[in-house]
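Enquirer: Sharing a structure below in structure tokens format, with a few things to ask.
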Amino acid sequence: MIRITRKIEFSAAHFYHNPNFSVEENRRVFGKCNNPHGHGHNYVLEVTIAGEPDPTTGMVLDLKELKVILQTEVMERMDHRHLNYEVPELAGQIPTCENIAAVIWKLLEPKIKSGKLDRVRLYESPELFVDVSAGNGARA
Amino acid sequence: MSLSRRYHFAASHRLHTAKLSEEENKRVYGKCSNPYGHGHNYVLEVTVTGPVDPATGMIANLAELDPFVQREVIEPFDQRFLNEEVAEFREQVATTENVCREIFRRLKSFPLARLERVRVEETSKNSFEIEADVDAFDVVRA
Numbered sequence: 001m002i003r004i005t006r007k008i009e010f011s012a013a014h015f016y017h018n019p020n021f022s023v024e025e026n027r028r029v030f031g032k033c034n035n036p037h038g039h040g041h042n043y044v045l046e047v048t049i050a051g052e053p054d055p056t057t058g059m060v061l062d063l064k065e066l067k068v069i070l071q072t073e074v075m076e077r078m079d080h081r082h083l084n085y086e087v088p089e090l091a092g093q094i095p096t097c098e099n100i101a102a103v104i105w106k107l108l109e110p111k112i113k114s115g116k117l118d119r120v121r122l123y124e125s126p127e128l129f130v131d132v133s134a135g136n137g138a139r140a
Numbered sequence: 141m142s143l144s145r146r147y148h149f150a151a152s153h154r155l156h157t158a159k160l161s162e163e164e165n166k167r168v169y170g171k172c173s174n175p176y177g178h179g180h181n182y183v184l185e186v187t188v189t190g191p192v193d194p195a196t197g198m199i200a201n202l203a204e205l206d207p208f209v210q211r212e213v214i215e216p217f218d219q220r221f222l223n224e225e226v227a228e229f230r231e232q233v234a235t236t237e238n239v240c241r242e243i244f245r246r247l248k249s250f251p252l253a254r255l256e257r258v259r260v261e262e263t264s265k266n267s268f269e270i271e272a273d274v275d276a277f278d279v280v281r282a
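For the protein sequence lines, the chains are A and B, in the order given.
By our numbering, the letter at position 7 of the first sequence is numbered 7, and the numbering carries on one by one without gaps.
By our numbering, the letter at position 106 of the second sequence is numbered 246, and the numbering carries on one by one without gaps.
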């Protein structure tokens, strides 16, 4: 089995707020991420597909197809958007790296027709990332 | 799902064991055995797993993970001579394998998520990692 990974970057705004928490609780749990004006990140997304290379093309999947899928499913939904307000898939969820990565997994998995989605790694910054992997709680 | 966070510390060490002769130390550890020691900018990558709390959207709140790692590892290791100033390395060689295991041992009691992996980059070219369920704790005394 071979794994191939493609990387994209998108920029988005968010803030953390749970309407069931009091003002103080929101501030305590989320700290400065609770600022209602929001703040932004340059997210880096690494998408890994696993499979056997096709004997004719030598490819697990055509990276051009993956590029289009990432453009349609991720870039157009999330790039230069406010994740709290503009991404319906995140409605009702706090747009943490964990929840964004889980949404991206759900969006991408059914679109991958050659090979299988193996891992979604989402960096919020170079110092913080989340992995969603096949079998390790993509649905957690 | 897992969450990984990267931290930084700078420390010095010397690779040397009393179990080997001076010639053997020199042969095995080369310039890393220089008696005055040398240093690195270490990068520590800590990975935790667990369910995402629906109330916070988080596996672990960094407001809790960061101070824990700071207290357990960064404060005792940063700007230190590991061989002398971290008790565990008086008995074992401060290779990055052993540093990695010691950090795993210190962090595995994090109460709010399960420690899955510790990865230590000694330089941008060398990295070492240890995972839960691997024999993380049979530290070889050297």
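Just so you know, even glycine gets a beta-carbon here, dropped at the ideal spot from N, CA and C.
1. Leaving out the 5 sequence neighbours to the left and right, which residues in its chain are closer than 7 Å to I104 of chain A when beta-carbon positions are compared?
2. Using CA coordinates, which residue listed in A:F10, A:D118, A:P126 and A:I94 is at the minimum distance from D193 of chain B?
3. Following the continuous beta strand (DSSP E) through A151 of chain B, name the residue where it begins and the one where it ends.
4. Got a sec: which bits of the region 78–97 of chain A sit with their beta carbon under 8 Å from any beta carbon on chain B, in order along the chain?
5. Taking Cβ positions, are N84 of chain A and H41 of chain A nearer each other than 9 Å?
6. Find the residues of chain B that neighbour E127 of chain A, judging by a C-beta separation of less than 7 Å, and give them in chain order.
7. In the DSSP assignment, find the unbroken beta strand (DSSP E) run with D187 of chain A in it and report its ends.
8. Taking the alpha-carbon positions, what's the E224 of chain B to S152 of chain B distance?
9. Please confirm if D141 of chain A has its CB atom under 9 Å from at least one CB of chain B.
10. Please confirm if the region 252–269 of chain B is in contact with the region 200–207 of chain B, defined as three or more CB-CB distances below 8 Å between the two stretches.
11. What ranges does the beta strand (DSSP E) occupy inside the region 157–218 of chain B, keeping only unbroken runs of at least 3 residues that lie completely in it?
12. With a threshold of 16 other CB atoms inside 10 Å of the CB of D62 of chain A, please say whether the residue is buried or exposed.
13. With DSSP run on the structure shown, which of helix, strand or coil describes E9 of chain A?
14. Given T263 of chain B, which residues of its chain have a CB within under 7 Å of its CB, disregarding the five upstream and five downstream residues?
15. What do you reckon, are the CB atoms on E215 of chain B and F229 of chain B nearer than 9 Å?
16. State whether the region 98–117 of chain A contacts the region 52–66 of chain A, with contact taken as three or more CB pairs (one from each stretch) at a distance under 8 Å.
17. What do you get for V283 of chain B, buried or exposed, if any count of 16 or more other CB atoms within 10 angstroms of its CB means buried?
18. State yes or no: is the beta carbon of A276 of chain B nearer than 9 Å to at least one beta carbon in chain A?
19. Which residues, in chain order, does the region 21–53 of chain A contribute to contact with chain B at a C-beta distance below 8 Å?
20. Could you work out which residue in B:I270, B:I199 and B:E164 is closest to N174 of chain B when comparing CA atoms only?
Expert: On the basis of the data shown:
1. Excluding positions up to five away in sequence, the list reads L45, V74, V120 and L122.
2. Minimum Cα distance to D193 of chain B is reached at A:I94.
3. A151 of chain B -> beta strand (DSSP E) spans S142 to H153.
4. Answer set for the region 78–97 of chain A: Q93, I94, P95, T96 and C97.
5. No, the Cβ-Cβ distance between N84 of chain A and H41 of chain A is not below 9 Å.
6. The answer, in chain order, is R145 and R146.
7. It is not possible to answer for residue 187 of chain A, since the shown part of chain A is limited to 1 through 140.
8. Distance between the alpha carbons of E224 of chain B and S152 of chain B: 10 Å.
9. For residue 141 of chain A there is no data in the structure shown, the boundaries of chain A being 1 and 140.
10. The answer is yes - the region 200–207 of chain B touches the region 252–269 of chain B, with three or more Cβ pairs under 8 Å.
11. The region 157–218 of chain B contains these whole beta strand (DSSP E) runs: 178–189.
12. Per the 10 Å Cβ criterion, exposed.
13. It is a strand residue.
14. Contacts found: H180.
15. No; because the gap between Cβ atoms is not below 9 Å, this pair is not in contact.
16. They touch, by the three-pair rule.
17. Shown here, chain B extends from 141 to 282; a query on residue 283 of chain B therefore has no answer.
18. Its pLDDT being 48, under 50, A276 of chain B is placed unreliably by the model, and nothing is read from it.
19. Against chain B - using a Cβ distance shorter than 8 Å - the residues of the region 21–53 of chain A are F21, V29, F30 and G31.
20. Comparing Cα-Cα distances from N174 of chain B to each of B:I270, B:I199 and B:E164, the minimum goes to B:E164.
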